[in-house]
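Residue numbers (my numbering): 39 to 227.
Every residue, glycine too, gets a C-beta built ideally from N, C-alpha and C.
Bear in mind that the values here come from a model prediction, so they are computed numbers and not experimental data.
The structure under discussion appears below in the form of structure tokens.
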């Protein structure tokens, strides 16, 4: 059983959504446990920053990490997924790439990550509600029996800005023609 404190990083919906209509439009039947998640919860993480009382600037923020390990405390290095957010019902079918996973594997992409890939929910009879992870390859790995098991492994951590080795001024980012990576301008003398 899951309680509200365990998923306080998500907000409850204010109004009911019409999942059945969206399923008809996209010719997809969502699994029951995942459907209950979408009906009850807004899938976006809450964001919080903290300020020192005598400062006008935030000095830390809350990040949410996924860790399957059971520990007393967690850090950003314990994050196994780079999960940014789950997708809301109206976002699930926007990207054409979802059809590849649905048709080939019976899996529907349900999250946004800091890398290529993400979480997938099983929509076929043999994998219904199971949660899988795919990363930069076609490799797909089982990680949970349902979305609520995933939520129980999401941990809030406080990240202090002072812990970053170097603050990067994004105004110094540039690319040379034909490069697929960013460079940082050095200070000129």
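In the structure shown, the three-state DSSP call for residue 196 is strand. With a 10 Å radius around the Cβ and a threshold of 16 neighbouring Cβ atoms, residue 114 comes out exposed.
About 5 Å separates the Cβ atoms of residue 124 and residue 149, confirming a contact at the 8 Å cut-off.
DSSP, read as helix, strand or coil, puts residue 123 in strand. Bridge partners of residue 49 according to DSSP: 80. Your pair residue 170 and residue 145 checks out as a contact, with CB atoms roughly 6 Å apart and the cut at 8 Å.
Put simply, the stretch 50 to 70 touches the stretch 128 to 137. At least three CB pairs are less than 8 Å apart.
Separation of the CB atoms of residue 192 and residue 102 is rounded to 5 Å, and the pair is thereby assigned contact status at 8 Å. Residue pairing from DSSP places residue 170 in a beta bridge opposite 158, 180.
Taken atom to atom, the span from the alpha-carbon of residue 151 to that of residue 143 is near 20 Å.
Separation of residue 168 and residue 214 (C-alpha to C-alpha, rounded to the nearest whole angstrom) is 44 Å. Between the beta-carbon of residue 119 and that of residue 104 there is about 4 Å, and that keeps the pair under the 8 Å contact cut. Of the residues assessed, residue 75 falls on the buried side of the cut-off, its CB having 16 or more other CB atoms within 10 angstroms.
In this structure, the alpha-carbon of residue 77 lies about 8 Å from that of residue 57. In the DSSP secondary-structure assignment, residue 149 is bridged to 124. In this structure, DSSP gives residue 112 a state outside helix and strand, which the three-state scheme calls coil. In this structure, the alpha-carbon of residue 127 lies about 12 Å from that of residue 54.
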